[in-house]
Amino acid sequence: MSNPSKEDIEAAPDALLDGSYCTSIDDFFSTGSRDLIGRFLTSFIESLIITPTELVFSAKSQKRLNDAGRVMMNAVDKIATLQAKSKSESAAKRLKDLNTLISAGMKKVWDDDKEKPIASITPETFTTFVANLKVADAERDYVINRTLVEHLSQYKVWKDKVAVLVKLHECTKGRPENTTIEFILSECIKSDAALDQLFGLFETLE
């Protein structure tokens, strides 16, 4: 097990560690889990110009992570060590449990990528798509996020990604799925690279 640095400890306060403590495959897709991923895989996700949500729900992005050497292993190792410490449990056991859950979560995403085609949406058609979803409640958020991530995959620069998210946010005002859009937008705002590009755009417009 690697020893977390001071920066690692500061990136994962106890409240975040508790809120992102995965015990089931559903937890792998939770907002808490995505928040923690964003803090420990910052360089990787910013190199791809994606958010943590896009990584968690995209088989293509996960395969890129899988091919990136020890990037994922190092991040999981640090997270397991910190979570084990916060719960006063075995770090080795926590690492084993985390790896099992992550493998199961990634397998679901990869299998669905092969077997369950993703619907094509636009900001204008998204609310109709959600209203017509015929899935169990447990799968609803998963399908919505997966569909959004597929739509976002065509935008290769932050300003375009944020622009379409803002449009989606406007089109979903007053609807439950609006909070899903807000969360992904908040991930963009946490990205230094995204903010640099957006502020650069504002300066150009001025």
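Mapped onto the working numbering, the consecutive letters of the sequence shown carry residue numbers 408 to 613. Glycine included, every Cβ here is placed at the ideal spot set by N, Cα and C. As the structure is a computational prediction, the values presented were derived from the model and not from experiment.
Subject >> Closest by C-alpha distance to residue 582, when choosing among 528, 534, 564 and 478 >> reply: Translated into positions along the sequence shown, residue 582 becomes position 175. Comparing alpha carbon positions, the residue from 528, 534, 564 and 478 closest to residue 582 is 534.
**OP:** Find the nearest neighbour of residue 568 within the set 586, 438, 593 and 547, judged by alpha-carbon distance.
**Re:** Taking the sequence shown and counting its residues from 1, the one referred to as residue 568 is at position 161. Among 586, 438, 593 and 547, the Cα nearest to that of residue 568 belongs to 593.
**OP:** Would you please state the rounded distance, in angstroms, between the beta carbons of residue 502 and residue 484? I believe it to be under 8 Å.
**Re:** Start at 1 with the first residue of the sequence shown, and residue 502 comes out as number 95. Start at 1 with the first residue of the sequence shown, and residue 484 comes out as number 77. Between residue 484 and residue 502 the Cβ distance is about 6 Å, and since that is below 8 Å, they are a contact.
Original post:
Helix, strand or coil for residue 446 per DSSP?
Top reply: Here residue 446 corresponds to residue number 39 of the sequence shown, with the count starting at 1. Here residue 446 sits in helix by DSSP.
Original post:
Can you list, in chain order, the residues of its chain whose CB lies under 7 Å from that of residue 540, leaving out five sequence neighbours each side?
Top reply: Taking the sequence shown and counting its residues from 1, the one referred to as residue 540 is at position 133. If we look at residue 540 and ignore the five residues flanking it on each side, its Cβ neighbours are 547 and 550.
Subject >> Pairwise C-alpha distance: residue 517 and residue 524 >> reply: Taking the first residue of the sequence shown as 1, we reach residue 524 at position 117. Taking the first residue of the sequence shown as 1, we reach residue 517 at position 110. Whole-angstrom Cα-Cα distance: 12 Å.
Subject >> Continuous alpha helix (DSSP H) assignments of at least 4 residues falling wholly in the segment 529-605 >> reply: Counting only runs of 4 or more, we get 533-538, 544-559, 565-578 and 585-596.
Original post:
Who are the near neighbours of residue 562 in its chain, counting only those whose CB is closer than 7 Å to its CB and skipping five residues on each side?
Top reply: Here the question's residue 562 lines up with position 155 in the sequence shown. The answer, listed in chain order, is 568 and 571.
Subject >> Three-state class that DSSP yields for residue 476 in the structure shown >> reply: For the purposes of this step, residue 476 is taken as residue 69 along the sequence shown, with counting starting at 1. Residue 476: coil per DSSP, three-state reduction.
Original post:
How many angstroms separate the CA atom of residue 443 from the CA atom of residue 490?
Top reply: Working through the sequence shown from its first residue, we reach residue 443 at position 36. Working through the sequence shown from its first residue, we reach residue 490 at position 83. For residue 443 and residue 490, the distance between alpha carbons rounds to 11 Å.
Subject >> Cutoff 6 Å; reference residue 441; Cβ partners in own chain excluding five residues on either side >> reply: By 1-based counting over the sequence shown, the position of residue 441 is 34. If you ignore the 5 residues before and after residue 441, its C-beta comes within less than 6 Å of the C-beta of 459, 460 and 463, all in its own chain and listed in chain order.
**OP:** Express the C-alpha separation of residue 589 and residue 427 in angstroms, rounding to a whole number.
**Re:** Along the sequence shown, one-based indexing puts residue 427 at 20. Along the sequence shown, one-based indexing puts residue 589 at 182. Those two C-alpha atoms are separated by around 19 Å.
Original post:
Could you give the distance in angstroms between the alpha-carbon of residue 598 and the alpha-carbon of residue 432?
Top reply: To locate residue 598, count along the sequence shown from 1; it is residue 191. To locate residue 432, count along the sequence shown from 1; it is residue 25. The alpha-carbon atoms of residue 598 and residue 432 are separated by roughly 26 Å.
Original post:
What do you get for residue 477, buried or exposed, if any count of 16 or more other CB atoms within 10 angstroms of its CB means buried?
Top reply: For the purposes of this step, residue 477 is identified with residue 70 of the sequence shown, where counting begins at 1. Residue 477 should be labelled exposed.
Original post:
Considering only residues of the same chain and omitting the five flanking positions on each side of residue 530, which have a CB-CB separation below 6 Å?
Top reply: Working through the sequence shown from its first residue, we reach residue 530 at position 123. Once the five neighbours on either side are set aside, the close Cβ partners of residue 530 are 574, 575 and 578.
**OP:** Please list, in chain order, all residues of the same chain as residue 465 whose beta carbon is under 6 Å from its beta carbon, the five residues on each side excluded.
**Re:** In the sequence shown, counting from the first residue as 1, residue 465 sits at position 58. Around residue 465: 556.
Subject >> Rounded separation between residue 585 and residue 559 - CA only >> reply: One-based indexing of the sequence shown puts residue 585 at position 178. One-based indexing of the sequence shown puts residue 559 at position 152. Rounded to the nearest angstrom, the gap between the Cα atoms of residue 585 and residue 559 is 16 Å.
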